[in-house]
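Numbering (full-length UniProt numbering), first residue to last: 1 to 203.
Okay, structure coming up:
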């Protein structure tokens with residue numbers, strides 16, 4: 001019996017202590033992330049943040065070039081962080097929570113129409129188009145065609161036919177100018193002139 005009573009007392013103390021400690025945590029969460037409600041349509045972002053600053057006591061820092069950006073949203077009892085994300089869903093942004101209730105909003109640009117959410121986007125560099133090969137001049141093409149033959153074919157082309165080379169080296173016999181070709185018979189001295197034949201009348 002004493003053990004049961006001790007357990008009941010111990011559980012009661014834990015339950016009371018847990019309830020007391022939970023209340024400060026809930027109050028702290030409410031203070032850190034307050035609930036906001038607003039409905040805006042095509043209003044400058046800077047003016048909307050000024051309205052939220054007056055309601056929540058937070059100070060918002062925004063790039064000056066995006067203060068006139070029109071925003072539209074309907075927010076009902078949402079935490080401040082979720083409400084800001086819905087308000088900035090058309091922009092690539094980063095929310096930085098600083099101390100002393102200061103919130104810095106960094107805007108990088110507009111989101112893509114088919115994007116799933118705010119994110120930083122980078123454009124890919126243009127790819128270089130492949131260039132068509134430039135045709136070589138006619139002289140280079142002729143040289144390429146001449147050099148297409150293999151070393152074996154070139155070596156065979158340089159070797160001459162033995163029969164043809166023998167004929168080319170054999171001296172040709174040419175008749176001496178001024179002397180008609182002679183038939184077989186009495187040898188004739190070079191340069192000698194034969195006397196004309198004399199006919200004798202026989203009676």
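Ideal Cβ positions, reconstructed from N, Cα and C, are used throughout, including at glycine. The structure presented is a predicted model; accordingly, all values stated were derived computationally and were not measured.
Using DSSP bridges, identify the partner residues of residue i.
{"i": "residue 73", "result": "40"}
{"i": "residue 92", "result": "109"}
{"i": "residue 59", "result": "102"}
{"i": "residue 35", "result": "79"}
{"i": "residue 66", "result": "DSSP, once it has assigned bridges, lists no residue as partnering residue 66."}
Give the single residue among the options whose Cα lies nearest to the Cα of residue i.
{"i": "residue 34", "options": "75, 71, 108, 67", "result": "75"}
{"i": "residue 64", "options": "97, 104, 99", "result": "104"}
{"i": "residue 62", "options": "77, 11, 95, 99", "result": "95"}
Do residue i and residue j have their C-beta atoms closer together than 7 Å?
{"i": "residue 93", "j": "residue 107", "result": "yes"}
{"i": "residue 87", "j": "residue 71", "result": "yes"}
{"i": "residue 53", "j": "residue 60", "result": "yes"}
{"i": "residue 45", "j": "residue 66", "result": "yes"}
{"i": "residue 36", "j": "residue 83", "result": "yes"}
Between which residues of its own chain and residue i is the CB-CB distance below 8 Å, once the five residues before and five after are set aside?
{"i": "residue 51", "result": "38"}
{"i": "residue 78", "result": "35, 36, 37, 86"}
Got a sec? Which residues, its chain only, sit under 6 Å from residue i by beta carbon, not counting five neighbours each side?
{"i": "residue 109", "result": "92"}
{"i": "residue 58", "result": "101, 103"}
{"i": "residue 68", "result": "44"}
Note down, in chain order, each residue of its chain lying with its Cβ closer than 7 Å to the Cβ of residue i, except the 5 sequence neighbours on either side.
{"i": "residue 27", "result": "Confidence at residue 27 is low in this model, with a pLDDT of 41, below 50, so the placement of that residue should be treated as unreliable; the coordinate-derived value is given next. Hits under 7 Å: none found."}
{"i": "residue 42", "result": "70, 72"}
{"i": "residue 204", "result": "In the structure as shown, the chain starts at 1 and stops at 203, and residue 204 therefore has no counterpart that could be examined."}
{"i": "residue 12", "result": "none"}
{"i": "residue 98", "result": "104"}
{"i": "residue 40", "result": "48, 71, 72, 73"}
{"i": "residue 4", "result": "none"}
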